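Asker: I am attaching a structure below and will ask some questions about it afterwards.
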Amino acid sequence: MQNTCVVVDYGSGNIHSVAKALTTVAPETKVVVSGKSEDILAADKVVLPGVGAIQECMRKLNEHHLIPVIREIAENKPLLGICIGMHMMMERSSENGGVDGLAFFRGQVKKFPSASPMRKVPHMGWNQMTIHRPHPIWHNIAPDDYFYFVHSYYVMTDEINTIIGEATYGVDYVAAIARDNVVAVQFHPEKSHRAGLTLLGNFCRWAPC
Amino acid sequence: MTVARRIICCLDVDRGRVVKGVCFQNMRDAGDPAEVAQRYNDGYADELVMLDISASSEGRDITLNTVLRIASCAFIPLTIGGGIRNEWDIEQLLRSGADKVSINTAALVNPDFVARAARQFGSQCIVVALDAKNIAADDDQPRWILFSHGGTQKTDLLAVEYAKKMADMGAGEILLTSMDRDGTRIGFDTALTAAVSNAVTIPVIASGGGGCAQHFYDAFTIGCADAALASSIFHDGVCSIVEIKNSLRNTGIAIR
Chain V
1 MQNTCVVVDY GSGNIHSVAK ALTTVAPETK VVVSGKSEDI LAADKVVLPG
51 VGAIQECMRK LNEHHLIPVI REIAENKPLL GICIGMHMMM ERSSENGGVD
101 GLAFFRGQVK KFPSASPMRK VPHMGWNQMT IHRPHPIWHN IAPDDYFYFV
151 HSYYVMTDEI NTIIGEATYG VDYVAAIARD NVVAVQFHPE KSHRAGLTLL
201 GNFCRWAPC
Chain G
1001 MTVARRIICC LDVDRGRVVK GVCFQNMRDA GDPAEVAQRY NDGYADELVM
1051 LDISASSEGR DITLNTVLRI ASCAFIPLTI GGGIRNEWDI EQLLRSGADK
1101 VSINTAALVN PDFVARAARQ FGSQCIVVAL DAKNIAADDD QPRWILFSHG
1151 GTQKTDLLAV EYAKKMADMG AGEILLTSMD RDGTRIGFDT ALTAAVSNAV
1201 TIPVIASGGG GCAQHFYDAF TIGCADAALA SSIFHDGVCS IVEIKNSLRN
1251 TGIAIR
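Residue numbers (the working numbering), protein chains in the order written: chain V, 1 to 209; chain G, 1001 to 1256.
Structure follows, in C-alpha cells:
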C-alpha cells in the first residue's frame, strides 16, 4: 500500500514548498497537506513545519485542536519538525517573553546573543553542520553539505544523546535532534536544494521500528 | 563553519515574462520565469528574487500564478517583490510559494507597514528594498538618496538612515540596489553597500552592477555584503553562477 505523508497545515507559512519538495523527491509517497486530525492520525508519516513566531505557531496549532494529535503521532509514527516545528518540540522558548512547547525533547530555545554588523541576526543563509550521530535522515548526505537556515532563536539541550547535528553561529547549537521516531531540524530542507531534498527523501523512506 | 555568502539571481518580470533593462529603462524580453528559475536552481544559485515590475492590478493574478510555477521547480529560497501594498498581498504571495517578500514603495509611504508585517509574518520573510542613487557632485562625499515607485520618484530620504530605521521596524533583510550601477556591469557600488551593511545588524544584499567574479568578491569584502544579486549577466550567459562561485572559493570566501 502507498505510504501517506501529511504536512500539517495549521496556517503557518509556506507549507506548500515542503509538500512540493516531498512530492518531487518521493514520488512513491502520497503527500497530503492537511490540518484535519483524522488525516494526520491516518498518515504513515507526518511533517510539522513552522515559520515566523513560535507563540503564533503554538496558538494556531492549539486553535486547530492539533496539539493532542501531534502528541499522539510523536508516540508511534515518524515525525519531522522543521524550523519553528523543531522549536515547538522543545520544552520552552524564550521568544515573546516565554512560550511553553510540546516537550518531546528536553531543552530550551534561546535568542542569538547580540547581533552586530559582523554577525547579523537572523542567521540567514547557507551553512554547514557537524553530523554528531548517524541517523537514517543523513543517508547520502556529505559532512560538507550546506543547508539553508533562517532563524533568530536556537535550540540548546543537555540531553546530549539526542543531538544528531550541530551548527555554529557565534554559539554552538543543535541543528538536528532525534529520539526514536521523532526527528527535527533547524534548517529548511525544502529550501536546501539537493542536500535538503535528499534528507526529505530519507525521511519518506525511514521506517523506525 | 561559517555562513556562506549568497549569490542571488534576480528575475524582473513584466506581465509574466522575464525582462531586463539598463538603469531601470529599455526593457527587453529574457524568457519564461519558471524556465529561467529552474535553470538557476539547477545552476547552483543560492536564492531567487522575482521582482514584478508591472505590478498593475490585472497583473496580480499573473504574478501569483508565476510564483506558483517558480515555487514548484525551485528548491531554494524565493523572494517576491513589486507592488506589495498590504498584509493581504503578503499573505497571498506566501501562500503561493514565496518564502520572503520584498517591500519598497509601501515602506517609504508608511514605515509602520513594515512593523506590522514583521509582527504578523515574522521578520525572516520581510525584506525591505531600497533603490538608492548618489546625488553628490563627483568630488564630494557620496550622498545616497532613495527613489520610490520603481526608481521614478525621488524622495528626500537618506539610504543609510532609512536602512537603520527599517531594521528597527523589524525588517529581516535589506535589498540594496544602486540605481547608478543597475545593468551597467561595472561593479557593485561597494561604498554604498559598506555604508549600509555596517550600519545595520540584519543581512544586506548588494544589487546593481555585478559583471564578473571580481565584482562579487569586492561586494563581499569591501562592501561587507551578506549576499550579492545580479540578473543580466546570468540571463545573457556572460558568466555562470558556478564560475563565479569557483573563483570566489579560491579566494577563501565561504561559498556553498
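From the three backbone atoms N, C-alpha and C, an ideal C-beta is built for every residue, glycine too. Every value quoted in this text rests on a predicted model; they were computed, and no experiment measured them.
Can you give the beta carbon distance from L1176 of chain G to I1205 of chain G, rounded, assuming they're within the 8 Å contact cut?
Answerer: 6 Å
Asker: Counting Cβ pairs closer than 8 Å, one from the segment 56 to 74 of chain V and one from the segment 15 to 33 of chain V, do we hit at least three?
Answerer: Cβ pair count under 8 Å is below three, so no.
Asker: Classify E75 of chain V: buried if its beta carbon has 16 or more other beta carbons within 10 angstroms, exposed otherwise.
Answerer: exposed
Asker: May I ask which residues mark the beginning and end of the alpha helix (DSSP H) holding I1222 of chain G?
Answerer: Counting along the chain, I1222 of chain G falls outside any alpha helix (DSSP H), and DSSP gives it neither H nor E.
Asker: Could you spell out the range, first to last residue, of the beta strand (DSSP E) harbouring L1048 of chain G?
Answerer: Where L1048 of chain G is concerned, the enclosing beta strand (DSSP E) starts and stops at 1047 to 1052.
Asker: Strictly by DSSP, which residues pair up with K1245 of chain G?
Answerer: Note: K1245 of chain G sits in no beta bridge, so no partner.
Asker: Would the beta-carbon of V1196 of chain G fall within 8 Å of that of V1160 of chain G?
Answerer: yes
Asker: Per DSSP, G81 of chain V is paired with what?
Answerer: V:L48, V:A184
Asker: If you drop the 5 nearest sequence neighbours on each side, which residues of the same chain put their C-beta closer than 6 Å to that of P1203 of chain G?
Answerer: E1173, D1226
Asker: Is G13 of chain V near V51 of chain V, with beta carbons less than 8 Å apart?
Answerer: For G13 of chain V and V51 of chain V, yes; Cβs fall inside 8 Å.
Asker: Measure the beta-carbon distance from V46 of chain V to L79 of chain V and round it to whole angstroms, keeping in mind my assumption that it falls under 8 Å.
Answerer: With 8 Å as the limit, V46 of chain V and L79 of chain V qualify as a contact, their Cβ atoms being about 5 Å apart.
Asker: Leaving out the 5 sequence neighbours to the left and right, which residues in its chain are closer than 8 Å to V171 of chain V when beta-carbon positions are compared?
Answerer: Cβ neighbours of V171 of chain V beyond the five flanking positions: F112, P113, Y154.
Asker: Touch check for the segment 1031 to 1038 of chain G and the segment 191 to 204 of chain V: three-plus C-beta pairs under 8 Å?
Answerer: no
Asker: Which residues, taken in chain order from the segment 108 to 122 of chain V, show a beta carbon closer than 7 Å to some beta carbon of chain G?
Answerer: A115, S116, P117, K120, V121, P122
Asker: Distance check for R1006 of chain G and K1100 of chain G, CA to CA, integer angstroms please.
Answerer: 15 Å
Asker: Could you check if L41 of chain V is buried or exposed, using at least 16 other CB atoms within 10 Å of its CB as the buried criterion?
Answerer: Exposed is the call here.
Asker: Quick one: residues in its chain with C-beta nearer than 6 Å to the C-beta of V182 of chain V, no 5 flanking neighbours on either side, listed in chain order?
Answerer: A74, L79, F104
Asker: Using the beta-carbon count (16 or more within 10 Å), is P189 of chain V buried or exposed?
Answerer: buried
Asker: From G:K1164, G:F1147, G:F1216, G:Q1141, pick the residue whose C-alpha is nearest to that of V1114 of chain G; which is it?
Answerer: Of the candidates G:K1164, G:F1147, G:F1216, G:Q1141, G:K1164 places its Cα closest to the Cα of V1114 of chain G.
Asker: Can you pull the chain V residues whose beta carbon is under 8 Å from the beta carbon of R1256 of chain G, in chain order?
Answerer: W126, Y146
Asker: Which ranges does the beta strand (DSSP E) cover as unbroken runs of at least 3 residues, wholly within the segment 133 to 187 of chain V, from first to last along the chain?
Answerer: 147 to 151, 153 to 156, 163 to 169, 171 to 179, 182 to 185
Asker: Suppose you measure from the CA of N1134 of chain G to the CA of Q1153 of chain G; what does that come to, to the nearest Å?
Answerer: Distance between the alpha carbons of N1134 of chain G and Q1153 of chain G is about 14 Å.
Asker: Please name the residues in the segment 1116 to 1148 of chain G whose beta-carbon is closer than 9 Å to at least one beta-carbon of chain V, in chain order.
Answerer: R1119, Q1120, F1121, G1122, S1123, Q1124, C1125
Asker: Should the segment 1234 to 1251 of chain G be called in touch with the segment 1034 to 1052 of chain G, which here means at least 3 C-beta pairs below 8 Å?
Answerer: yes
Asker: Taking 8 Å as the threshold (C-beta atoms), are G1151 of chain G and M1179 of chain G in contact?
Answerer: yes
Asker: Since R1028 of chain G sits in a beta bridge, which residues does DSSP pair it with?
Answerer: G:K1020
Asker: What are the partner residues of D1012 of chain G, as DSSP defines its beta bridges?
Answerer: G:V1019, G:L1051
Asker: Let me know the beta strand (DSSP E) ranges lying completely inside the segment 1046 to 1118 of chain G, each 3 residues or longer, listed in chain order.
Answerer: Entirely contained in the segment 1046 to 1118 of chain G, the beta strand (DSSP E) runs reaching 3 residues are, in chain order, 1047 to 1052, 1078 to 1081, 1100 to 1103.
Asker: Going along the chain, which residues of its own chain have a beta-carbon closer than 6 Å to the beta-carbon of Y169 of chain V, five neighbours each way excluded?
Answerer: H123
Asker: In the DSSP assignment, find the beta strand (DSSP E) that holds D1156 of chain G and state where it starts and stops.
Answerer: 1153 to 1158
Asker: Comparing C-alpha positions only, which one of V:E38, V:Q2, V:V185 sits nearest to K30 of chain V?
Answerer: V:Q2
Asker: Once DSSP output is grouped into helix, strand and coil, what is the label at L61 of chain V?
Answerer: helix
Asker: Three-state secondary structure (DSSP) at E1035 of chain G?
Answerer: Here E1035 of chain G carries a helix assignment [DSSP, helix/strand/coil].
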